[in-house]
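Report on the structure given below.
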Amino acid sequence: QWDAFGYYQYLPATFIYHDLKTWKWADDIDRKYNVTGGGGLPVVPLDNGNKVCKYFGGVAILQLPFFAMGHCIAGLAHYPQDGFSAPYQYSLAFGAILYSLLALVLLMLVLRRFFSDVVTAITLVLLTLASNFLQYSAVHSGLSHVWIFPLYALILYTTMKWHEAPKAGWALLTGLAIGIATICRPTEAIAIFIPIFWNYQSKEARNAKWQMVRAHQSHVVLALIGGLIGILPQLLYWKYVTGSFVFDVGSKWTFLNPWFRVLFGFEKGWFIYTPVCVFFVLGFFFIRRYPFRLAVLAFCLLNIWIVISWDDWHYGASYSCRALVQSYPVFALPLAAFVQWTVSKKWFIAFLVLGAYLVGVNLFQVVQYNSTILHYDDNNALYYRHIYLNPSPSPLTMSLLDTQDWLSDENEFKKVLVDSQFTSFHFEIRSGDSLILKRGGLLDFQNKSLKWMKVAIQLSNPTSLWKGRLVATLGKNDSIVTHSIRLFNPIGERNGQYAFYLKIPDFFRSGTYQVFIKSSSEAKGTLGKVEIFGFY
């Protein structure tokens, strides 16, 4: 669905439906498989009547062998050969894992050239199991990240091999890998800085490098030819559909005002949810003597700046910052340097324990993310603190996605039942309706001024709650306080229980309250127990 379909759609369009211009086949596929997720086909209508894909085609090129495998299996096993039935899906999923394993082998060979086996092993474990790489290689592998990941491992390997013993094949492969990476995601073109700045760790090394380049100028030409071959399929596709070799798919960047919350924000911050990435950056201080020093610094710092400068800083649904996952092979080098530094320290064992802890936290959070407890977009500091390593969050915990009102200890207050007189009834919300359940009452209870309210309800068999909200409103004269929580959350879906706190301002000595369910989409179910508690 979504981006995964956008990257993949070139293959069925080319080899099954033979339609890269009108995409007439896609509507039937969407009705059958919901590949767009309801967001519409990812194509741009042109004045010439054609439609051009908004996504680049590099990922599809990398997926081609597994698409062919799935097509053959579908025919032999009597599945629909429509490009989307189960054999295609499984072939792509296992293909992503195969690419990942091959990439890790290449990365291992690069790391072992500069570090010990122990350091290499620790680095690979932290890189794969303590970061969000696991999510995007084994779960959301339809996105571009895991397919570009092996290209970076290959670029590192071929760059290293060329500098050790210049050969035309290494130069050609380096250029080809950079070219294909560029038509996967255009910003990956900065991978060119890896071969350019390799062997820049000292003046002597730099001079020796350029002497080698001058001695093998034909290799530079071959690298450029490889890069051109890599990007040529995209240029030919644009020429075929639009009439021009270049087409602006539309992206907006804010390079002078980057979104640092991509790194530090509690929505999905890179350092917050995958803290092992702090080691990636700390490693920059320990790579001075290595030939990849300037290549890593130039690429990683520029890459981070580009990623945090994209206007849509959310990057859609994501666990941590997914836009950096594909470049983790490059980050593995400073990570290994940092691990190498810790080996000689007295607290190396403590570092191993910390690493094991980060692996455990990450695996736990991957489970949370795939059950939507760790939300894909709306996390905040208070909510994260309450779900951190929490295997069974409560309905009250889930409310913190939408409200910051939290009563840490109910026992500090006297608790009273303000209202439980709502009658159970069947409710059905259709688009345009807003008020379903309503009741008014005095907040003042036996002349005691309430400090907090807690609203709790039970829904039986709730459905279609994507945009539904449970709302509580306090009113006095012209003053209104409103809190609401989403009905669509994994706890509510599982047991139909919802609850949240509402802090009552001091000037609400008494007043009226309303509790209602509203939605801008269709929803239905049976309302069970409704309780409103007060605390004073």
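Here the sequence shown is numbered in our numbering, starting from 366 and rising by one per residue. By construction, the Cβ of each residue, glycine as well, lies at the ideal position given by its N, Cα and C atoms.
* **Beta-carbon contacts of asparagine 776 that lie in its chain and below 6 Å, excluding the five residues immediately before and after** => Cβ within range, chain order: n/a, list empty.
* List the DSSP bridge partners of phenylalanine 900. => Paired residue(s): Lys780, Trp817.
* arginine 750 classed as buried or exposed, judged by whether at least 16 other C-beta atoms fall within 10 angstroms -> Around the beta-carbon of arginine 750, fewer than 16 other beta-carbon atoms lie within 10 Å, marking it exposed.
* Asked: Apart from the five residues just before and just after tryptophan 618, which ones in its own chain have a Cβ nearer than 7 Å to its Cβ?
  -> Within the same chain, tryptophan 618 has close Cβ partners Ser674, Trp675, Asp676.
* For valine 672, the three-state DSSP class (helix, strand or coil) -> Valine 672 falls in the helix class under three-state DSSP.
* **CB-CB length for leucine 723 against proline 640, believed under 8 Å** => So it is a contact: roughly 6 Å between Cβ atoms.
* Nearest-angstrom Cα separation, counted from leucine 508 out to lysine 819 -> When rounded, the distance between both Cα atoms is 41 Å.
* What's the C-alpha gap between leucine 593 and glycine 540? -> If I take the Cα positions, the gap works out to 8 Å.
* Would isoleucine 497 pass as a contact of glutamate 632 if the rule is Cβ separation under 8 Å? -> Residue identity differs from the one stated: residue 497 is asparagine in this sequence, not isoleucine. No, these two residues do not count as a Cβ contact at 8 Å.
* Asked: How would you write the range of the alpha helix (DSSP H) that tyrosine 453 sits in, first residue to last?
  -> Run containing tyrosine 453: 451-479, per the alpha helix (DSSP H) assignment.
* Asked: Just the Cα atoms here: how many angstroms apart are serine 799 and histidine 848?
  -> Model confidence at serine 799 stands at a pLDDT of 36, short of 50, so the residue's coordinates are unreliable; what they give is reported in the following sentence. Near 15 Å, if we compare the C-alpha coordinates of histidine 848 and serine 799.
* To do: Determine the burial state of serine 844: buried for a count of at least 16 other Cβ atoms within 10 Å of its Cβ, exposed for fewer.
  => By the 10 Å Cβ count, serine 844 comes out exposed.
* To do: Return the chain-ordered list of same chain residues with a C-beta closer than 8 Å to the C-beta of arginine 478, the five sequence neighbours on each side being excluded.
  => For arginine 478, the CB contacts under 8 Å within the same chain, skipping 5 residues up- and downstream, are Met525 in chain order.
* To do: Determine the closest residue to asparagine 415 out of Glu529, Lys389, Ser709, with distance taken between C-alpha atoms.
  => When only C-alpha atoms are compared, the closest one is Lys389.
* Beta-ladder partner(s) of aspartate 417, from DSSP -> In the sequence as displayed, the identity of residue 417 is valine instead of aspartate. Under DSSP, valine 417 takes part in a beta bridge, and its partners are Val409.
* Asked: Around the C-beta of aspartate 482, are 16 or more other C-beta atoms found within 10 angstroms, so that it is buried, or is it exposed?
  -> Under the 10 Å beta carbon count, aspartate 482 is surrounded by fewer than 16 other beta carbons and is classified as exposed.
* Should the segment 827-839 be regarded as contacting the segment 858-868, the criterion being three or more beta carbon pairs within less than 8 Å? -> Yes, since at least three Cβ pairs between the segment 827-839 and the segment 858-868 fall closer than 8 Å, the two stretches touch.
* To do: Helix, strand or coil for alanine 433, going by three-state DSSP, please let me know.
  => Taken through DSSP and simplified to helix, strand or coil, alanine 433 comes out as helix.
* Per DSSP, the bridge partner or partners of glutamine 879 -> In DSSP, glutamine 879 forms a bridge with Thr838.
* Touching or not, the segment 511-528 and the segment 705-713, by the rule of three or more beta carbon pairs under 8 Å? -> No, because fewer than three Cβ pairs between the segment 511-528 and the segment 705-713 fall closer than 8 Å, the two stretches do not touch.
* the segment 724-743 touching the segment 535-551, judged by at least three CB pairs closer than 8 Å -> The segment 724-743 makes no contact with the segment 535-551, as fewer than three CB pairs between them are under 8 Å.
* Which class does arginine 859 belong to by DSSP, given the choice of helix, strand or coil? -> Per DSSP, reduced to three states, the secondary structure at arginine 859 is helical.
* Cβ separation of alanine 570 and asparagine 564, assumed to be a contact under 8 Å, to the nearest whole Å -> In this structure, alanine 570 and asparagine 564 form a Cβ contact; the two beta carbons are roughly 5 Å apart against a cut-off of 8 Å.
* Simplified DSSP assignment, three categories, for glutamine 823 -> DSSP places glutamine 823 in strand when its eight states are reduced to three.
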